[in-house]
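Residue numbers (this note's numbering): 2 to 330.
Just so it is clear, CB atoms sit at the ideal spot from N, CA and C, and this is done for glycine as well.
Predicted model only: the values in this text are computed from it and were never measured.
Take a look at the structure below.
Structure representation (structure tokens):
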């Protein structure tokens, strides 16, 4: 179990215990883990990360059923001061941890839970989820691991593969792009032909045929496609981009893109989901993103990153929670 430094003087009731203990419960999804690790960093805590992998029938019953006994490490003592979870399969373990700790663990759940407001002491549900309540924080974007400091470091010492590209540079962040409106390889080729240095990265959800087409389009000088070999240049791409194009299927990737402060164009899916449409519309209203129509447009905005705000809300809610506990709890 890792122990972190005290968060702020407002949390002084725990200062004498050597710092708060933070546990993260994850279902293994990279997007969920990025959100929780970003919050842990903002809270100044080193988390004890525990993954749940429920088997049948427990995975079918989640989030409403009991936790899989094989995931007992997720809710085992010593009980943490704070536990943050994300993903429906973590909810049974999160609720069991709350019960077994005698209510002394402060629980936080990220995203809108199907199990309602009593899922956790504090729920962080992005605004486009339209999930509200007295214990709900509704940021514009999800928490993430992007920060001004990390971006500055990546600009000061850029990845050599990216530093070699001509300026201006365009980054293409590709998720599950099976049904996007535009041909991504054609966009990449036209940008490179238009004197942009073009860098692109795919996710584990990107269809192989699209990844191969992008790799071919960016094989010539002035292009770079990360094929999974070597160090992941994702942060370096964000930090060194003058323009960002991101497929409109990933709330996390779009949120990380607008944390940079550079113009972000969202490439629409052919059949966009209602929540994603609402999310992109809110970012358009905030002046951070626009739907890609081609070519690039110019505008400016202050970087949008909800991580620090969410961390403050967790600190404040935890301080109030500790104040309500009986003495010595």
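Practice item. Could you tell me how far apart the beta carbons of residue 141 and residue 307 are, in whole angstroms, since I believe they sit closer than 8 angstroms? Key: For the purposes of this step, residue 141 is identified with residue 140 of the chain shown, where counting begins at 1. For the purposes of this step, residue 307 is identified with residue 306 of the chain shown, where counting begins at 1. About 6 angstroms separates the two Cβ atoms, so the contact holds.
Review point. Could you give the uninterrupted runs of the beta strand (DSSP E) lying entirely in the region 46-116, keeping only those of 3 residues or more?
Key: The qualifying runs are 49-52, 83-87 and 107-111.
Check your understanding: Which runs of the alpha helix (DSSP H) fall wholly inside the region 189-233 and span at least 4 residues, in chain order?
Key -> Fully enclosed alpha helix (DSSP H) runs of no fewer than 4 residues occupy 209-218 of the region 189-233, in order along the chain.
Check your understanding: To which residues of the same chain is residue 121 closer than 6 angstroms at the C-beta, ignoring the five residues directly before and after it?
Key -> The count along the chain shown starts at 1 and reaches residue 121 at position 120. Cβ neighbours of residue 121 within its own chain (closer than 6 angstroms, five residues either side excluded): 108, 109 and 110.
Exercise for review: Under 6 angstroms Cβ to Cβ from residue 218, same chain only, skipping five residues before and after it: list those, please.
Suggested key: Within the chain shown, numbered from 1, the residue matching residue 218 stands at position 217. Excluding its 5 nearest sequence neighbours in each direction, residue 218 has C-beta neighbours in its own chain below 6 angstroms: 186, 189 and 190, listed in chain order.
**Study point:** Exposed unless 16 or more other CB atoms sit within 10 angstroms - verdict on residue 24
**Key:** The count along the chain shown starts at 1 and reaches residue 24 at position 23. Under the 10 Å beta carbon count, residue 24 is surrounded by 16 or more other beta carbons and is classified as buried.
Exercise for review: Output the distance between the C-alpha atoms of residue 376 and residue 137, rounded to the nearest integer angstrom.
Suggested key: With the chain covering only 2 through 330, there is no way to say anything about residue 376.
Exercise for review: Classify residue 131 as helix, strand or coil using the three-state DSSP reduction.
Suggested key: Numbered from its first residue, the chain shown carries residue 131 at position 130. It is coil, neither helix nor strand.
Review point. Would a C-beta distance cut-off of 9 angstroms place residue 254 and residue 247 closer than the cut-off?
Key: Here residue 254 is taken as the residue at index 253 of the chain shown, counted from 1. Here residue 247 is taken as the residue at index 246 of the chain shown, counted from 1. For the pair residue 254 and residue 247, the CB atoms are nearer than the 9 angstroms cut-off.
Review point. Which residue comes first and which comes last in the beta strand (DSSP E) that contains residue 275?
Key: Here residue 275 refers to the residue found at position 274 of the chain shown. First-last for residue 275: 275-286, but that is the alpha helix (DSSP H), not the beta strand (DSSP E).
Practice item. For residue 239, count neighbouring C-beta atoms within 10 Å of its own C-beta (all shown protein chains included) and say buried if the count is 16 or more, exposed if not. Key: Indexing the chain shown from 1 puts residue 239 at position 238. Classification of residue 239: buried, given that the 10 Å Cβ count is 16 or more.
Exercise for review: Name the two residues that bound the continuous alpha helix (DSSP H) containing residue 33.
Suggested key: One-based indexing of the chain shown puts residue 33 at position 32. Taken as a continuous stretch (DSSP letters only), the alpha helix (DSSP H) holding residue 33 covers 31-44.
Check your understanding: Can you tell me whether DSSP reads residue 239 as helix, strand or coil?
Key -> Translated into positions along the chain shown, residue 239 becomes position 238. For residue 239, the secondary structure class from DSSP, reduced to helix, strand or coil, is helix.
Exercise for review: Compare the beta carbon distance of residue 87 and residue 44 with 9 angstroms and say whether it is the shorter of the two.
Suggested key: Here residue 87 corresponds to residue number 86 of the chain shown, with the count starting at 1. Here residue 44 corresponds to residue number 43 of the chain shown, with the count starting at 1. Between residue 87 and residue 44, the C-beta gap is not smaller than 9 angstroms, which leaves the two residues out of contact.
Check your understanding: With 16 other CB atoms within 10 Å as the buried threshold, where does residue 1 fall?
Key -> The structure shown does not extend to residue 1, since the chain spans only 2 to 330, so no value can be given for it.
Point to revise | Strand pairing of residue 314, partner residues [DSSP] | key: As a position in the chain shown, residue 314 is number 313, starting the count at 1. Answer is none; residue 314 lacks a bridge partner.
Check your understanding: With a cut-off of 8 angstroms, do at least 3 Cβ pairs link the region 211-230 to the region 194-202?
Key -> Counting C-beta pairs closer than 8 angstroms gives three or more between the region 211-230 and the region 194-202, which meets the contact rule.
Exercise for review: Take residue 35 and list the residues in its own chain whose beta-carbon comes closer than 7 angstroms to its own, dropping the five residues that flank it on each side.
Suggested key: Counting from 1 along the chain shown, the entry for residue 35 is found at position 34. For residue 35, where only same-chain residues beyond five positions count, the Cβ hits under 7 angstroms are 145, 146 and 253.
Exercise for review: Could you pull out every residue in the same chain whose Cβ sits closer than 8 angstroms to the Cβ of residue 298, ignoring the five residues on either side in sequence?
Suggested key: As a working mapping, residue 298 is identified with position 297 in the chain shown. Correct list, in chain order: 264, 266 and 291.
Review point. Roughly how many whole angstroms lie between the Cα atoms of residue 11 and residue 316?
Key: Against the chain shown, residue 11 aligns to sequence position 10. Against the chain shown, residue 316 aligns to sequence position 315. Any answer about residue 11 is weak, because its pLDDT of 38 lies below 50 and its placement is not dependable; what the coordinates show is given next. C-alpha separation (whole angstroms): 8 angstroms.
Review point. Do the CB positions of residue 181 and residue 257 come within less than 9 angstroms of each other?
Key: Numbered from its first residue, the chain shown carries residue 181 at position 180. Numbered from its first residue, the chain shown carries residue 257 at position 256. It is not a contact, given that the beta carbons lie outside the stated cut-off.
Review point. Using the beta-carbon count (16 or more within 10 Å), is residue 56 buried or exposed?
Key: Within the chain shown, the letter at position 55 stands for residue 56. For residue 56, the number of other beta carbons within 10 angstroms of its own is below 16, and it is reported as exposed.
Review point. Is residue 13 helix, strand or coil by DSSP?
Key: Residue mapping note: residue 13 aligns to position 12 of the chain shown, counting from 1. Caution applies to residue 13, whose pLDDT of 36 falls short of 50 and renders its modelled position unreliable; the value that the coordinates give is listed next. It is helical.
Practice item. Taking residue 163 as the reference, give the member of 133, 243 and 61 with the closest Cα. Key: Here residue 163 refers to the residue found at position 162 when the chain shown is read from its first residue. Looking only at 133, 243 and 61, the smallest Cα-Cα distance to residue 163 is reached by 243.
Check your understanding: For residue 248, which beta-bridge partners are listed by DSSP?
Key -> Position 247 of the chain shown, counting from 1, holds the residue named residue 248. Per DSSP, the beta bridge partners of residue 248 are 268.
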